[in-house]
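Contents: one structure, followed by commentary.
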Amino acid sequence: MKINSRDCQLPRHIFVNLPPDELARRISRIDIIGLDVDNCLISGHGQIHLGMKLLPNIMLEAFRKFPAGFFLNLCAGTCGLLSFKLKKLMRTDTFNMFIMKCFALTLKGVEKDAFDEAVDGFNKFLRPGAERAILHFSQMAPVILLSLGVEPVVRWLVNRLGSFGSDSRIKIYANKVRFEKRESREVFAGYEAGPELKNGKDKVNLLIRESEAVGAKTPMVVGHDENDLDMIMWARDCGGMSVGFVPESAYRDLFDVVVIRPDWDMLIEFLNSLMSKNTEKFS
337 MKINSRDCQL PRHIFVNLPP DELARRISRI DIIGLDVDNC LISGHGQIHL GMKLLPNIML
397 EAFRKFPAGF FLNLCAGTCG LLSFKLKKLM RTDTFNMFIM KCFALTLKGV EKDAFDEAVD
457 GFNKFLRPGA ERAILHFSQM APVILLSLGV EPVVRWLVNR LGSFGSDSRI KIYANKVRFE
517 KRESREVFAG YEAGPELKNG KDKVNLLIRE SEAVGAKTPM VVGHDENDLD MIMWARDCGG
577 MSVGFVPESA YRDLFDVVVI RPDWDMLIEF LNSLMSKNTE KFS
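Counted the way our numbering counts, the sequence shown spans residues 337 to 619.
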């Protein structure tokens with residue numbers, strides 16, 4: 337049952353697939369929260385942004401190994417981007433592992449300082465209200481930030497929260513990267529182990545593990561695409577709640593709450609109204 341702003345007094349850019357009173361009942365029981373990073377907390381995919389920001393460094397490192405290295409890096413990067421596009425067109429996570437391998441091969445040899453500098457420039461990719469949302473959720477329940485991308489991007493986001501009073505209840509899971517010494521330089525050498533997160537099943541398994549560790553029973557998950565379907569199904573089976581944050585149109589009907597404008601403040605206001613059981617405003 338889809339309820340949107342034309343049918344009742346929901347915020348203009350939010351619609352729900354459950355009655356507001358049922359959502360209010362569910363959110364009152366939430367005891368763990370899983371947030372997808374890519375396309376939800378940041379616009380687009382952090383791994384793609386990182387690769388584009390490091391393009392000059394990638395080319396420089398490739399020229400050091402010219403000619404074989406140049407063409408190897410160029411081919412790897414091109415294949416990774418094409419696979420990313422095919423993945424979106426075919427709506428499948430089949431290409432995830434291939435994309436990750438291309439990413440690692442393309443960035444191999446890039447200096448750590450350049451890597452860190454590129455991550456520090458991610459401010460412009462943050463969704464409006466993303467940091468406030470993370471801290472708000474951490475006051476409700478333990479928060480798990482999940483990404484199929486690389487750990488430094490998610491770590492950067494959490495480190496930013498330090499100025500806002502970061503909470504120990506915020507944990508992150510993403511693919512850790514490895515740097516190694518090469519002569520006088522410290523350079524990117526690939527993934528530390530794995531990668532650990534390859535698809536949606538890995539994400540939900542980590543959430544289940546964290547839930548069991550803290551004794552949580554009722555999750556809320558926030559996602560946007562096919563890699564979040566396992567989280568949605570798990571939240572549903574637990575009697576929890578799923579939120580689609582600017583989700584792909586093919587998956588909108590699967591989420592309990594759908595936000596079609598990338599504004600975390602608007603979503604938080606709506607969820608707060610549900611938590612205070614002020615559902616008269618939305619019914």
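Even for Gly, the Cβ is constructed at its ideal location relative to N, Cα and C.
As the structure is a computational prediction, the values presented were derived from the model and not from experiment.
Which residues in the same chain have their Cβ closer than 6 Å to the Cβ of residue i, if we skip the five residues on either side of it in sequence?
{"i": "I596", "result": "H349"}
{"i": "V490", "result": "V373, L481, S483, I508, A510"}
Are there 16 or more other CB atoms within 10 angstroms of the CB of residue i, so buried, or fewer, so exposed?
{"i": "F402", "result": "Legend: pLDDT at F402 = 47, less than 50; position of this residue unreliable, value from coordinates given subsequently. Under this definition F402 is an exposed residue."}
{"i": "A586", "result": "exposed"}
{"i": "M426", "result": "Low confidence applies here, because M426 scores a pLDDT of 47, under 50, leaving its location unreliable; read the following figure in that light. Flag for M426 reads exposed."}
{"i": "S504", "result": "exposed"}
{"i": "P696", "result": "Summary: the structure shown does not reach residue 696, with the chain confined to residues 337 through 619, and so no result is reported for it."}
{"i": "V550", "result": "exposed"}
{"i": "E546", "result": "buried"}
{"i": "P392", "result": "exposed"}
{"i": "G457", "result": "exposed"}
{"i": "D538", "result": "buried"}
{"i": "S520", "result": "exposed"}
{"i": "S612", "result": "exposed"}
{"i": "D599", "result": "buried"}
{"i": "G498", "result": "exposed"}
Taking 8 Å as the threshold (C-beta atoms), are residue j and residue i in contact?
{"i": "F439", "j": "Q383", "result": "yes"}
{"i": "V540", "j": "D566", "result": "yes"}
{"i": "V455", "j": "L386", "result": "yes"}
{"i": "L462", "j": "I369", "result": "no"}
{"i": "D564", "j": "G465", "result": "no"}
{"i": "L590", "j": "I363", "result": "no"}
Where do the ends of the beta strand (DSSP E) carrying residue i lie?
{"i": "N608", "result": "N608 -> not in any beta strand (DSSP E); alpha helix (DSSP H) instead, spanning 600-611."}
{"i": "K517", "result": "513-518"}
{"i": "D449", "result": "Run containing D449: none in the beta strand (DSSP E); it sits in the alpha helix (DSSP H), 448-456."}
Residue range of the alpha helix (DSSP H) that residue i falls in?
{"i": "I596", "result": "Where I596 is concerned, there is no enclosing alpha helix (DSSP H), given that its DSSP letter is neither H nor E."}
{"i": "A529", "result": "Unbroken run through A529: none, as it is neither H nor E."}
{"i": "A561", "result": "The sequence as given places Asp at residue 561; Ala does not occur at that position. From DSSP, D561 is part of no alpha helix (DSSP H); its letter is neither H nor E."}
{"i": "L485", "result": "What sits at residue 485 in the sequence shown is Gly, not Leu. Run containing G485: none in the alpha helix (DSSP H); it sits in the beta strand (DSSP E), 479-486."}
{"i": "V579", "result": "That residue, V579, is in no alpha helix (DSSP H); its beta strand (DSSP E) goes 577-581."}
{"i": "V373", "result": "Element bounds for V373: n/a, residue is neither H nor E."}
Check the Cβ-Cβ distances between residue i and every residue of chain B, and say whether any is below 8 Å.
{"i": "S504", "result": "As a matter of chain content, chain B is missing from the structure shown, which is built from one protein chain."}
What does the alpha-carbon distance come out to for the pair residue i and residue j?
{"i": "V446", "j": "I435", "result": "18 Å"}
{"i": "E453", "j": "K444", "result": "16 Å"}
{"i": "S578", "j": "V593", "result": "6 Å"}
{"i": "R513", "j": "L484", "result": "Checking the sequence, you will find Val at residue 513 rather than Arg. Cα to Cα, the separation comes out at about 12 Å."}
{"i": "E467", "j": "E605", "result": "15 Å"}
{"i": "F406", "j": "D561", "result": "Caution applies to F406, whose pLDDT of 48 falls short of 50 and renders its modelled position unreliable; the model cannot decide the point."}
{"i": "R496", "j": "L543", "result": "23 Å"}
{"i": "A360", "j": "G576", "result": "11 Å"}
{"i": "P355", "j": "G526", "result": "47 Å"}
{"i": "N535", "j": "N459", "result": "26 Å"}
{"i": "F524", "j": "K448", "result": "6 Å"}
{"i": "L390", "j": "D357", "result": "48 Å"}
{"i": "A529", "j": "E522", "result": "19 Å"}
I'd like the list of long-range same chain contacts for residue i, defined as Cβ closer than 7 Å, with 5 residues on each side in sequence excluded.
{"i": "D367", "result": "A477, A552, K553, T554"}
{"i": "H472", "result": "I604"}
Enumerate in chain order the residues of its own chain whose CB-to-CB distance from residue i is below 8 Å, with the five nearest sequence positions on each side excluded.
{"i": "P347", "result": "S341, M602, E605, F606"}
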